[in-house]
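Here is the structure we will look at, set down as structure tokens.
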Amino acid sequence: MTSIKKDQLKVSIIIVAVSVLLVSPRSVGASETSASTQEDLSPIIESVFDTFAFIGWVTSNPGGTLLHYAIVQYGTDPDHLDRTAKSPSRVNPAHGEMIFRVRVNDLQPGTTYYYRVSSQQANGAADPGTSAIHKFTTRAVNQTASQ
Amino acid sequence: MNRRIFQTAPSALAIAGIALLSGLFRIPSLSAQATPPPPIVNFSLPAGFQIPPSDQQCILSGNRLNVQCIIANDPDFKRVRAEEAMLEAQALATAKSGTLDPYHQVETLGKLEIFDPTLSVNKNLACSYCHDPASGYGNGASILSVFTGGANPGSVPITVHGAYPNNRMAKRNPQSYVYASYFPPLHYNQSQADFYGGNFWDARATGYKLQNSAAEQAQDPPLDPEEMANSDPACVVWKISQGKYKFFFEQVFGADSLNISWPADVAHICSIPKGAAELGGNPTPLALSTADRTLASKDFDEFAQAIAAYESSDSVSPFTSKFDHYLAGHVTLTAQEQRGYELFRGKGSCNTCHLDGRSSTQKGGTDTGAAASVQPLFTDTTYNNLGLPKNVMLPWYSEDTPDQWGFTGNPLGFGFTDEGMGLFLDGYYGAPPNLDWGVFLPQFEGKFQTSTVRDAAQVPYAGFVKAYMHNGYLTSLKEVVHFYNTRDVYPYNVLSGHCPAGTVEKVNCWPMPEDINNENTTIGHLGLTSAEEDDLVAFLQTLVDGYKP
Numbered sequence: 000m001t002s003i004k005k006d007q008l009k010v011s012i013i014i015v016a017v018s019v020l021l022v023s024p025r026s027v028g029a030s031e032t033s034a035s036t037q038e039d040l041s042p043i044i045e046s047v048f049d050t051f052a053f054i055g056w057v058t059s060n061p062g063g064t065l066l067h068y069a070i071v072q073y074g075t076d077p078d079h080l081d082r083t084a085k086s087p088s089r090v091n092p093a094h095g096e097m098i099f100r101v102r103v104n105d106l107q108p109g110t111t112y113y114y115r116v117s118s119q120q121a122n123g124a125a126d127p128g129t130s131a132i133h134k135f136t137t138r139a140v141n142q143t144a145s146q
Numbered sequence: 000m001n002r003r004i005f006q007t008a009p010s011a012l013a014i015a016g017i018a019l020l021s022g023l024f025r026i027p028s029l030s031a032q033a034t035p036p037p038p039i040v041n042f043s044l045p046a047g048f049q050i051p052p053s054d055q056q057c058i059l060s061g062n063r064l065n066v067q068c069i070i071a072n073d074p075d076f077k078r079v080r081a082e083e084a085m086l087e088a089q090a091l092a093t094a095k096s097g098t099l100d101p102y103h104q105v106e107t108l109g110k111l112e113i114f115d116p117t118l119s120v121n122k123n124l125a126c127s128y129c130h131d132p133a134s135g136y137g138n139g140a141s142i143l144s145v146f147t148g149g150a151n152p153g154s155v156p157i158t159v160h161g162a163y164p165n166n167r168m169a170k171r172n173p174q175s176y177v178y179a180s181y182f183p184p185l186h187y188n189q190s191q192a193d194f195y196g197g198n199f200w201d202a203r204a205t206g207y208k209l210q211n212s213a214a215e216q217a218q219d220p221p222l223d224p225e226e227m228a229n230s231d232p233a234c235v236v237w238k239i240s241q242g243k244y245k246f247f248f249e250q251v252f253g254a255d256s257l258n259i260s261w262p263a264d265v266a267h268i269c270s271i272p273k274g275a276a277e278l279g280g281n282p283t284p285l286a287l288s289t290a291d292r293t294l295a296s297k298d299f300d301e302f303a304q305a306i307a308a309y310e311s312s313d314s315v316s317p318f319t320s321k322f323d324h325y326l327a328g329h330v331t332l333t334a335q336e337q338r339g340y341e342l343f344r345g346k347g348s349c350n351t352c353h354l355d356g357r358s359s360t361q362k363g364g365t366d367t368g369a370a371a372s373v374q375p376l377f378t379d380t381t382y383n384n385l386g387l388p389k390n391v392m393l394p395w396y397s398e399d400t401p402d403q404w405g406f407t408g409n410p411l412g413f414g415f416t417d418e419g420m421g422l423f424l425d426g427y428y429g430a431p432p433n434l435d436w437g438v439f440l441p442q443f444e445g446k447f448q449t450s451t452v453r454d455a456a457q458v459p460y461a462g463f464v465k466a467y468m469h470n471g472y473l474t475s476l477k478e479v480v481h482f483y484n485t486r487d488v489y490p491y492n493v494l495s496g497h498c499p500a501g502t503v504e505k506v507n508c509w510p511m512p513e514d515i516n517n518e519n520t521t522i523g524h525l526g527l528t529s530a531e532e533d534d535l536v537a538f539l540q541t542l543v544d545g546y547k548p
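See the structure below:
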């Protein structure tokens, strides 16, 4: 191989390698299946009522803008998480951890919802961390308080 | 309410049209039908509060107030007016002494203005009647904290037979003046994608022109129909030109500053309250020459700047709290105050927004403990939606019919939703001065200013009930902390007054947020015990100015 072709080959390999790195499956809103997602966010249901619920999770301090959004993508079909709830929350730069919490409204009573969580800076830049798909069921109307 | 005029980038023509329209009148809602307020039920007086005997005759059925009766009889109203008459007289004597240096001259002029009731349309309401020095320059009437969310009566009575309220009333709890001049002009920080600064609960005193948000705030109540209700900014100037400190205004801002050729009907025009039908929506009904109008506008700006100077002074913003002395190494905190301080920047997450000057690093660094700021403002000057419930006690919801001047303060009645910054960005007060900001409406609807916590605990006397937040829904610091701690632990989709049987509102039942948009979740579920809540309240007491070490 001539030296020019070696260089061209090197550049081609580099371009391909970079392209592979750039086209990563990480993006909020992509319809990932839970099987292929490595979860490192562990959301919990803080509380669930008939028409709303609170979901929370803890991460290390994400840095970035002080204003952040905690996000829940959800729906009644685990393959179509077509609704999004977003709650603003502020980062405390002196804290090692960040508690993200979302209030999910306008739910139907007695219904099972599937969801995944994520968070982003105020400018839209996504925080690291991926979530599998979890589920919760809202209380039926008139059901008394219970956990 | 669908007035999303500024939500997307509109054309220049639309901007111009909206700006023109909004300069003439408040943009009405598409749903203009007044909703009557519901009866106030399940109301109880705060623990330890007793209605003053002289106010008993002023309580109407349905837990409402005869406001004119309160103005005439309430002991706090009398106290405030007497104290401020004394402060005004003091300021006038000081002004006449001829011994003030320039710094103290401007500040004293501001003091004269702030305590001057003649500057209102009926010459009966000073700025500081609603901003009582003894109450941290916020609402100074306990009875109002209890019955009206802290909302104060304006200069104009309502004499329509059977009207409730029988006085024009503002729609919000007056904000405190303390450290207001430390809020910079409103600015959208692109790196943080957030607004900082401004004055007023809803940011509308941006300070864009004078680059002074506290000065711009001072220009609003004089012209607000619910407050001092002057029909024309030049009326405020006219009154100064006719008043006891005219000489002093000209000493500070220049000889002949007030040398304006007033029209023959100036007294008549300046006795008509803002919003009266006969004014036809004209914001400057006084006929002045162009040069005199320009001079009057400059005077009105200078009037406001002097007020801002007073607000910056040691009379209002001195940094002399116990906490300030602690930062300077003069005193130590008690064990409980120290516990409260730890919670303030720990589990309470308070200093996330109420900056206490602690050192911090981005992305989980180490708090070295040294104060990065020795005069922390206890606010980051941002805006948030705390998810406060609607305060059904606000008389504002009943100001839905024309008064004797043909003015209706709140045509929507109970249908009015206080969207905070959303009102400002959406054109409720007229087009915002920066039309680029309209695009931020979706992220800022529902948000209200992060007040300083300094002097939040300042009360005129033990037992005074102080109303907190823009609608005065919370009436003690314990309630405030408990709300932050448990808002999402005891949420109910009910209106205030309708907590389910077996629950107690503000204890284990929080009614639904007035505006659910952008509800902040930094708070709401803090996991504090009641003792920890008390510790935080004890820490807040250390932020009251005037501490002697």
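Protein sequences, first through last, are from chains S and D. The first sequence begins at 0 in numbering that gives the first Met the number 0 and counts up by one. The second sequence begins at 0 in numbering that gives the first Met the number 0 and counts up by one. Glycine is no exception: its CB is placed at the ideal position from the N, C-alpha and C atoms. All values reported here derive from a predicted model rather than from experimental measurement.
7 Å Cβ shell around D:Lys245 - same chain, five flanking residues per side excluded: Ile239 and Leu257
Can you find the residues in the same chain that come closer than 6 Å, C-beta to C-beta, to D:Ile522, ignoring five residues on each side of it along the sequence? Tyr483
Rounded to the nearest angstrom, how far is the Cβ of D:Leu342 from that of D:Glu531, given a contact under 8 Å? 6 Å
Would you check if the distance between the CB atom of S:Arg138 and the CB atom of S:Val47 is smaller than 8 Å? yes
Pair every Cβ in the stretch 422-431 of chain D with every Cβ in the stretch 504-511 of chain D, then say whether three or more of these pairs are closer than 8 Å. no
Below-8 Å beta-carbon distance, D:Arg203 vs any chain S residue: no
Take D:Ala92 as the anchor and find which of D:Phe247, D:Phe322 and D:Phe48 has the nearest alpha-carbon. D:Phe247
By Cβ distance, which residues of its chain are closer than 6 Å to D:Pro375, with the 5 residues on each side in sequence left out? Leu354, Asp355 and Gly356
DSSP state of D:His524, grouped into three classes? coil
Could you name the residues of the stretch 505-523 of chain D whose beta carbon sits closer than 8 Å to any beta carbon of chain S, in the order they occur along the chain? Ile515, Asn517, Glu518, Asn519, Thr520, Thr521 and Gly523
Cβ distance (whole Å) where S:Leu65 is taken to contact S:Val90 below 8 Å: 5 Å
Tell me the DSSP secondary structure of D:Leu64 in three-state form. strand
Tell me which residue opens and which closes the beta strand (DSSP E) that S:Arg102 is part of. Glu96 to Val103
On the DSSP bridge assignment, give the partners of S:Thr111 in chain order. S:Thr136
Rounded to whole angstroms, what is the Cα-Cα separation between D:Leu393 and D:Ala233? 31 Å
Through-space distance from D:Arg171 to D:Ile58, alpha-carbon basis: 21 Å
Going along the chain, which unbroken runs of the beta strand (DSSP E) with 3 or more residues stay wholly within the stretch 115-178 of chain D? 152-156 and 166-168
Taking 8 Å as the CB-CB cut-off, is D:Thr351 touching chain S? yes
DSSP-derived helix/strand/coil call for S:Val47: strand
Measure the alpha-carbon distance for D:Pro224 versus S:His94 and round it to whole angstroms. 46 Å
Counting C-beta neighbours from all protein chains within 10 Å, is the total for S:Ala29 16 or more, i.e. buried, or is it exposed? Confidence in S:Ala29 is poor, its pLDDT being 33 and thus under 50, which makes the residue's placement unreliable; the coordinate value appears in the next sentence. By the neighbour-count rule (16 or more Cβ atoms within 10 Å), S:Ala29 is not buried but exposed.
Out of D:Lys208, D:Asp219 and D:Gln210, which one is the CA nearest neighbour of D:Phe199? D:Asp219
Should S:Gly55 and S:Pro42 be called a contact, given that it needs their Cβ atoms to be closer than 8 Å? yes
Return the chain-ordered list of same chain residues with a C-beta closer than 8 Å to the C-beta of D:Asn166, the five sequence neighbours on each side being excluded. Val66, Gln67, Ile70, Pro152, Gly153, Val155, Pro156 and Ile157
Quick one: list the residues of chain D neighbouring S:Thr50, beta-carbon separation under 8 Å, in chain order. Asn492
Any chance you could list the alpha helix (DSSP H) runs of at least 4 consecutive residues sitting entirely within the stretch 286-369 of chain D, in chain order? 289-311, 321-326 and 334-344
DSSP three-state label for D:Tyr181, please. helix
Determine the direct distance from the alpha carbon of D:Asp298 to that of D:Ala254, and round the result to whole angstroms. 12 Å
Starting from the beta carbon of D:Ser348, find every residue of chain S whose beta carbon is closer than 7 Å, and list them in chain order. Asn91
Would you say D:Asn519 and S:Pro61 are within 8 Å of each other, going by their C-beta atoms? no
If the cut-off is 9 Å on Cβ atoms, which residues from the stretch 189-203 of chain D count as contacting chain S, listed in chain order? Gln189, Ser190, Gln191, Ala192 and Asp193
First and last residue of the beta strand (DSSP E) that includes D:Asp593? Residue 593 of chain D lies beyond the residue range present for chain D, which begins at 0 and ends at 548; the question has no answer from this structure.
For the candidate residues D:Tyr467, D:Gln457, D:Lys273 and D:Gln337, whose alpha-carbon lies nearest to that of D:Phe406? D:Lys273
Nearest to D:Arg203 by CA position, among D:Phe443, D:Pro388, D:Ala125 and D:Trp404, is which residue? D:Phe443
Neighbour-count burial assignment, D:Asn433, 16 or more Cβ in a 10 Å radius: exposed
Which residue marks the beginning of the alpha helix (DSSP H) containing D:Thr485, and which one marks its end? Leu476 to Thr485
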